[in-house]
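Numbering-wise (our numbering), the sequence shown opens with residue 2 and increments by one. Here the structure comes first, spelled out in structure tokens, and everything after it is commentary.
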Amino acid sequence: MERLLLTLLVVAFFALGVYGMWRGWRRQARAQSVRVPPFPEVPEGLGEPLLSAKGLYVATTNAGHWQERVVTRGVGLRGPAVLRLYDEGVEVDRAGAVSFWIPRESIVDVKTAKGMAGKVMGTDSLLVFTWRADDIELDTGFRGDDLAVYPQWINQVKGGAQV
2 MERLLLTLLV VAFFALGVYG MWRGWRRQAR AQSVRVPPFP EVPEGLGEPL
52 LSAKGLYVAT TNAGHWQERV VTRGVGLRGP AVLRLYDEGV EVDRAGAVSF
102 WIPRESIVDV KTAKGMAGKV MGTDSLLVFT WRADDIELDT GFRGDDLAVY
152 PQWINQVKGG AQV
């Protein structure tokens with residue numbers, strides 16, 4: 002009987018912890034939905050991309066604050082993605098989630114980084130786009146399957162935009 006009560010107590014404590022994390026995630030999403038504007042939708046008729054890369058969408062954070070993940074509007078979850086560069090901007094095509102668009106004129110910088118929102122590597126293996134969504138700056142991180150294409154991405158984005 003003692004063992005059963007102790008087991009139930011541990012399970013209840015674990016469930017309470019999961020519930021608290023879920024509530025915190027939802028509260029953060031509600032608070033951010035006021036501050037962070039809706040992300041631009043991918044425009045129609047873009048043609049062929051200049052560059053394309055498969056990999057992992059890591060996160061979008063407040064610019065300069067690599068641990069402050071933006072969780073509103075479904076962009077808080079990591080997952081497989083394809084990054085496509087067009088003359089007009091960058092498409093972040095996320096598998097099983099809403100894709101979004103980073104307009105070329107909104108891009109402030111593009112660089113590599115070692116970590117972002119819980120994903121930390123020993124090398125500069127993240128491609129990070131710093132961009133403006135209305136009046137706030139965001140960092141969007143992507144971990145490509147082929148890291149050797151990062152210099153090509155950086156040169157293309159910086160060469161074609163006012164960065």
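Quick reminder that beta carbons are idealized off the backbone N, C-alpha and C, glycines included.
Alpha-carbon to alpha-carbon, residue j and residue i
i, j, result
"residue 146", "residue 56", "5 Å"
"residue 90", "residue 106", "8 Å"
"residue 65", "residue 16", "34 Å"
"residue 43", "residue 13", "44 Å"
"residue 59", "residue 26", "17 Å"
"residue 136", "residue 35", "13 Å"
"residue 30", "residue 156", "34 Å"
"residue 154", "residue 52", "7 Å"
Proximity winner among the options, relative to residue i (alpha-carbon distances)
i, options, result
"residue 114", "71, 127, 8, 108", "127"
"residue 158", "137, 140, 122, 112", "112"
"residue 102", "116, 149, 118, 83", "83"
"residue 99", "62, 87, 74", "74"
Coarse secondary structure for residue i, derived from DSSP in three states
i, result
"residue 96", "coil"
"residue 60", "strand"
"residue 141", "strand"
"residue 150", "helix"
"residue 162", "With a pLDDT of 46 at residue 162, under the threshold of 50, the modelled position of this residue cannot be trusted; read the value that follows with caution. Three-state DSSP puts residue 162 in coil, outside helix and strand."
"residue 17", "helix"
Interface flag, residue i vs chain C, CB-CB below 8 Å
i, result
"residue 45", "Annotation note: the requested chain C is absent from the structure, which comprises a single protein chain."
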